[in-house]
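Here the sequence shown stands for residues 297 to 426, where the numbers follow this note's numbering.
Below is one structure, written out as structure tokens, with a few remarks after it.
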Amino acid sequence: MKKIAMTLLLGYSISFSSDCVKMQIDELRYMKKEELVDSYKTQTAYSNIEQKYMQEMTKIARQQETLEIARIAMGKTDNTKPSYKTDIEKSENNDNCYKQNKTNIKRVLEKDFNVTEDELNRLINLEKTK
297 MKKIAMTLLL GYSISFSSDC VKMQIDELRY MKKEELVDSY KTQTAYSNIE QKYMQEMTKI
357 ARQQETLEIA RIAMGKTDNT KPSYKTDIEK SENNDNCYKQ NKTNIKRVLE KDFNVTEDEL
417 NRLINLEKTK
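Following this line, the structure appears as structure tokens:
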């Protein structure tokens, strides 16, 4: 139960603070190579957080669905959409947005800076070792 509460608190803090802002290719072209690499790493981190959050919320959803089946068996019905479904949908949208941002950043790096996938991975790993 404690883990569920912590996950919910983490999720609510993330959901209120991290609505994904779509990065357009035209805007990205004004950034320096280092800024693009940093943005790529940031988008990757946000995507990883969203995926972890969705996994935890899916576990909670299964528990909630079991409880709902029990409520229905006892004759209690509730027609409102459970909040965890809304949270999962929002998280999925954010994750898709972060992935699209990564794709746009990668395109600009490839086209404007001739950065290959291998070089991008090297630049990301180089920053991790600093």
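In this text, a Cβ means the ideal position worked out from N, Cα and C, and glycines have one as well.
query, result
"Contact check, S379 vs M350, beta carbons under 7 Å", "no"
"Boundaries (first-last residue) of the alpha helix (DSSP H) holding T382", "S379 to F409"
"Residue of V317, D315, I401 and K372 minimising C-alpha distance to K328", "I401"
"Per-residue DSSP class, three states only, for K355", "helix"
"Contact under 7 Å by Cβ, L422 with L332", "no"
"For M350, the three-state DSSP class (helix, strand or coil)", "helix"
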